[in-house]
Each structure stands twice: as C-alpha cells, then as structure tokens.
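Numbering (our numbering), first residue to last: 6 to 413. So the structure is just underneath, and the comments pick up after that.
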Amino acid sequence: MDFHRLTEGDMPGFLESLPAMQARFTAFDALEVSEVGDGNLNFVYIVTNRRFPEETVVVKQAVPYLRVVGESWPLTRHRMDIETAALRHFRALCPQHVPEVFHADADRSLVVMQRLREHRILRGALIDGQLFPRVAEHLATFMARSLFFSSDFYLQPAAKREAVKRFTNVELCKITEDLIFTHPYDDSSTNSYNEALPRTAINRIQHNPHLRAVVGELKYAFMTRAEALLHGDLHVGSVMVNANETFVIDPEFAFYGPMGFDVGVLLANLFLGWCGHGARAGAESAATQRWLLDSAAQSWEGFANQFTALWRQHEEDSGFIGCDLDGHSRAMFRDAFMRRLFDDTLGFAGCEMVRRVLGLAKVAEIAQIEDLQTRAGAEIRALRIAERLLLERRAATSIHQVLDWVRA
Ligand code: SR1
Ligand code: MG
C-alpha cells in the first residue's frame with residue numbers, strides 16, 4: 006500500500022470508517038482535529054467531538070522518515086507496529102499506567118488510542134513548577150512489572166525467545182546506539198554544543214580513554230543483553246501525569262535489552278532536571294530540585310523492592326535456579342543480579358546525561374535557559390555528574406550516595 010500521511014481534513018472520514026470509533030463517537034460531523042506532535046519522530050493528532058468533548062481520541066501516525074530532520078533521514082514505519090505491540094503488552098501488565106489502544110492500522114502505520122485529557126507531559130509540568138507526589142511510586146511499578154514479566158525469571162525460554170524476535174527493533178536501536186553511545190564522544194555532525202560551553206568541558210568527556218572504554222562496555226551491553234522488554238526511551242517526556250495518575254507513553258523504541266537502560270534513562274532525566282532547575286531562581290525551583298532527587302531515590306528503591314518481590318513470588322514456578330540446596334543460593338543470585346543492575350543503571354544514566362548535553366535531542370529544562378553562560382553552568386554540572394556515574398558506578402553503595410554526587 007502506498008503511504009499517505011493523513012491530514013487534519015482526512016481524519017473525520019477516516020475515523021468514521023472504523024467500527025471501533027462508531028462505538029466511541031456519537032457523530033462525526035463536528036470533530037475538531039489538531040496536530041500536537043512535539044516529539045522527534047511522528048505526527049500526533051487530538052480529535053474531539055465539539056458537541057461532546059468527552060468523545061476524544063489520539064491518532065498517532067509514523068511517517069517513513071524522522072520528523073524532526075525530514076525526508077533526508079528515512080526511518081521504517083514498522084516502528085508503529087512495535088509501538089502498538091508494546092503499548093498493548095505494557096497495558097496488559099499495568100492498565101493503570103498505560104493508555105488503551107482502540108485501533109491499529111499497520112498499512113497506514115497509525116494507532117488510535119485513549120486520550121489522556123486531564124494529564125500533561127511530566128517534563129513541561131515540572132518546568133511550570135507543578136509537583137506530583139505519586140509519580141515515582143507509579144513509575145517504579147511500571148518498571149518492575151514490565152521488566153520482570155518479560156524476563157527469563159518469569160517467561161519460559163521459548164516464549165522469551167519469541168518475544169525477543171517480535172520486538173526486534175533494528176532501526177530505532179541504531180538511533181540509540183549512534184545518538185547515545187557513539188556520536189556524543191566523537192564530535193559527530195549530529196552533536197550540537199551550547200557555544201558558551203567551554204571546549205575543555207567537552208574534551209574532558211571525549212578525550213578520557215577510561216570513560217570511553219566504559220561507554221563501549223555499556224554500548225555492548227545495550228546491543229547484546231536481551232534481558233527484558235524495555236520501553237527504550239523512558240524520559241520525563243514519555244510520561245503523562247495529573248495529581249493522582251501517571252501514564253507511560255511513546256514506546257516506539259521498545260526492544261529486548263538490559264533492564265538498567267530504562268531505569269538509567271529515567272534517573273538521568275531526573276538528574277538533568279535537577280541541573281536545569283538549579284539554574285532558575287526562586288523557592289519553587291528549590292522545591293522542584295528536592296522533588297527530583299526524592300523521586301530518583303524512590304524510583305530506584307521502589308523498583309528494586311517490587312522487582313525482587315515479584316521474583317521471589319514467582320521463583321518456585323519459574324524454576325530458574327533449580328533446587329536451592331543450602332537455602333541461600335537464590336538470595337545470593339538475586340543480590341548479585343540486583344547489584345549488577347544498579348551498576349548498569351548508573352552507567353546508562355551517565356550515557357543519557359552526556360548525550361542530552363553534547364548530542365542530538367536536548368532536554369528543555371537546560372536547553373531553554375536563555376542566558377548561555379547560565380546554561381553552560383547547568384551543562385557542566387550535568388557532565389560532571391555523568392562522569393562520576395560512568396567512572397565510579399561500581400563504588401556506589403546506595404542510591405543515596407549517588408544523590409550526594411549529584412548535589413556535590
Ligand atoms: C532522532 S530521535 C532523537 C531522540 O528522540 C527520542 O525521544 C529518543 O530519545 C531519540 O534518541
Ligand atoms: Mg518519544
């Protein structure tokens with residue numbers, strides 16, 4: 006089928022042709038359509054019945070190129086199949102934290118899904134000074150359930166291998182391999198630097214052989230360790246919130262990879278927010294900074310507790326380690342695994358932080374700081390934290406020690 010990008014004008018007729026939408030809209034003659042996509046990849050439309058505003062959906066369509074760059078950067082539309090499958094999979098595990106898919110169309114590379122009317126993107130809400138007491142708890146639950154139930158600690162080997170195949174996401178993984186693990190260290194043309202960021206700060210990362218070897222190790226882990234189905238891009242722009250609820254959206258980068266990548270990307274974005282909000286004046290920013298670090302600690306601790314609880318609960322059935330002769334081998338294995346997962350988390354967090362300062366796709370908390378010297382101050386802090394995460398991760402005794410590194 007030739008690809009056609011739906012326009013706002015196409016939307017009412019298209020939705021009317023779908024049985025799933027006949028059940029959601031009472032009429033199609035007063036639909037308001039607006040394109041709201043502010044991400045890098047896709048077009049996103051909100052469609053609402055003017056007469057009954059509660060009749061509303063989101064339509065997300067992938068185009069055969071990277072939206073933020075244009076047709077010169079071709080990109081598979083297959084990413085929408087992965088996103089739809091991942092949304093359905095995550096929703097089955099965490100219905101309270103993932104929007105519902107109403108209709109998916111592989112030929113048109115689009116998905117029609119639940120619109121979160123009363124929620125907003127977490128990154129923007131934090132920039133506006135809003136704080137949400139339950140986000141960390143909710144994200145910890147999302148990560149624990151999505152990572153545990155797709156892992157070898159729950160799935161039988163044949164089912165796990167089928168899932169790895171199903172979620173093979175070559176092109177989007179390549180974007181991450183390039184943009185997170187390679188380009189920021191190589192003065193690539195995809196990088197962009199704040200002109201006030203001193204060259205010495207960039208060189209300190211790019212010219213450190215030990216640090217680059219660590220990033221190589223983490224890139225290799227990303228490419229080879231199919232531990233669990235990851236969201237693949239779990240930053241604060243992939244989270245929608247209101248006072249009581251938290252939803253995870255946009256899993257087009259989903260694939261089987263190392264668990265620490267999801268947790269690390271989330272922590273990195275909380276730390277980047279801490280650097281950005283620290284450059285703003287006022288009591289509100291100080292409160293946001295506190296919230297960000299509290300949320301980082303609660304995300305890791307909540308995740309680790311819930312993940313190990315699920316593991317213990319399903320251990321007998323999965324039979325992963327077989328018979329526990331001395332009564333300790335399961336616990337010892339769990340402890341060693343969680344220690345390595347913590348190391349991975351910190352390492353991937355370091356990579357994500359470097360990337361958001363030196364590479365393509367910045368974070369608004371820092372990039373929107375108008376005064377370039379002030380922005381450079383936030384960026385230098387972020388790079389220093391990243392450096393420590395990468396080089397000292399194995400020495401960290403707890404998430405609270407890591408928070409001391411952030412504050413240092
Ligand atoms: C070229 S795509 C840039 C970034 O946007 C997504 O959110 C991912 O983080 C990706 O690396
Ligand atoms: Mg996204």
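Where a beta carbon is used, it is the ideal one built from N, C-alpha and C, also for glycine.
**Prompt:** For the beta strand (DSSP E) that Q428 lies in, which residues bound it at each end?
**Reply:** No answer is possible for residue 428: it lies beyond the span of the chain, which begins at 6 and ends at 413.
**Item:** Test item, CB below 5 Å from any non-hydrogen atom of ligand 2
**Value:** G44, D255
**Message:** Would N199 and R380 be called neighbours here (beta carbons separated by less than 7 Å)?
**Reply:** yes
**Request:** Could you please give me the residues that DSSP links to E40 through a beta bridge?
**Result:** Y50
**Message:** Less than 6 Å separating the Cβ of E392 from some heavy atom of ligand 3?
**Reply:** Ligand 3 is not among the ligands present in this structure, which contains only ligand 1 and ligand 2.
**Asked** Would DSSP call K65 helix, strand or coil?
**Response** Here K65 sits in strand by DSSP.
**Asked** What residues in its chain sit with their C-beta under 7 Å from that of R339, if we drop five residues either side in the sequence?
**Response** These residues qualify, in order along the chain: T313, W316.
**Exposure label - V411; buried when at least 16 CB within 10 Å** = In summary, V411 is buried, with 16 or more beta-carbon neighbours lying within 10 Å of its beta-carbon over all protein chains present.
**Asked** When you compare only the Cα positions, how much space is there between A400 and V407?
**Response** For the pair A400 and V407, the Cα-to-Cα distance works out to about 10 Å.
**Request:** Answer yes or no: do L363 and P189 have a C-beta to C-beta separation smaller than 7 Å?
**Result:** yes
**Request:** Enumerate, from N- to C-terminal direction, the unbroken alpha helix (DSSP H) stretches of 4 or more residues contained entirely within the segment 213 to 246.
**Result:** 214 to 229
**Beta-carbon gap between H102 and F147 smaller than 7 Å** = yes
**Asked** Exposed or buried, which one is L298 when buried takes at least 16 other CB atoms within 10 Å?
**Response** Per the 10 Å Cβ criterion, buried.
**Request:** Please go through the segment 253 to 323 and give each complete alpha helix (DSSP H) segment of 4 or more residues, from N-terminal end onward.
**Result:** 264 to 283, 288 to 323
**Message:** Excluding the 5 residues flanking M343 on each side, which residues of the same chain have their C-beta closer than 7 Å to its C-beta?
**Reply:** Excluding positions up to five away in sequence, the list reads A309, T313.
**Asked** What three-state label does DSSP hand S334 in the structure shown?
**Response** S334 falls in the helix class under three-state DSSP.
**Prompt:** Shortest alpha-carbon distance to H124 belongs to which of R398, I254, V52?
**Reply:** I254
**Prompt:** Are F227 and L121 touching if we call contact CB-CB under 7 Å?
**Reply:** Not a contact, by the Cβ cut-off of 7 Å.
**Message:** For R72 and L131, I'd like the C-alpha separation in whole angstroms.
**Reply:** 26 Å
**Asked** When burial is assigned at 16 or more other CB atoms within 10 Å of the CB, is Y225 buried or exposed?
**Response** Exposed is the call here.
**Item:** Residue from T61, D43, A248, R10 with nearest C-alpha to F33
**Value:** Ranking the options by Cα distance to F33, first place goes to T61.
**Prompt:** So does A414 have its beta carbon nearer than 6 Å to some heavy atom of ligand 1?
**Reply:** Outside the shown range of the chain, which is 6 to 413, sits residue 414, and nothing can be said about it.
**Prompt:** DSSP three-state call for D110: helix, strand or coil?
**Reply:** Strand, per DSSP.
**Request:** Please list, in chain order, all residues of the same chain as I385 whose beta carbon is under 6 Å from its beta carbon, the five residues on each side excluded.
**Result:** A206
**Message:** Between the alpha carbons of I439 and A218, how many angstroms are there, rounded?
**Reply:** Summary: the structure shown does not reach residue 439, with the chain confined to residues 6 through 413, and so no result is reported for it.
**Request:** Could you tell me whether any Cβ in chain B is nearer than 7 Å to the Cβ of D348?
**Result:** Annotation note: the requested chain B is absent from the structure, which comprises a single protein chain.
**Status (buried if at least 16 other CB within 10 Å, exposed otherwise) for K170** = exposed
**Message:** Assuming S151 is part of the alpha helix (DSSP H), what are its boundary residues?
**Reply:** 140 to 154
**Request:** Could you tell me whether any non-hydrogen atom of ligand 1 is closer than 6 Å to the CB of D267?
**Result:** No; taking the cut-off as 6 Å, the Cβ of D267 has no heavy atom of ligand 1 nearer than that.
**Message:** Suppose the cutoff is 6 Å on Cβ atoms and the five residues either side in sequence are ignored; what does the same chain contact list for S39 look like?
**Reply:** Closer than 6 Å at Cβ, skipping near neighbours: I51.
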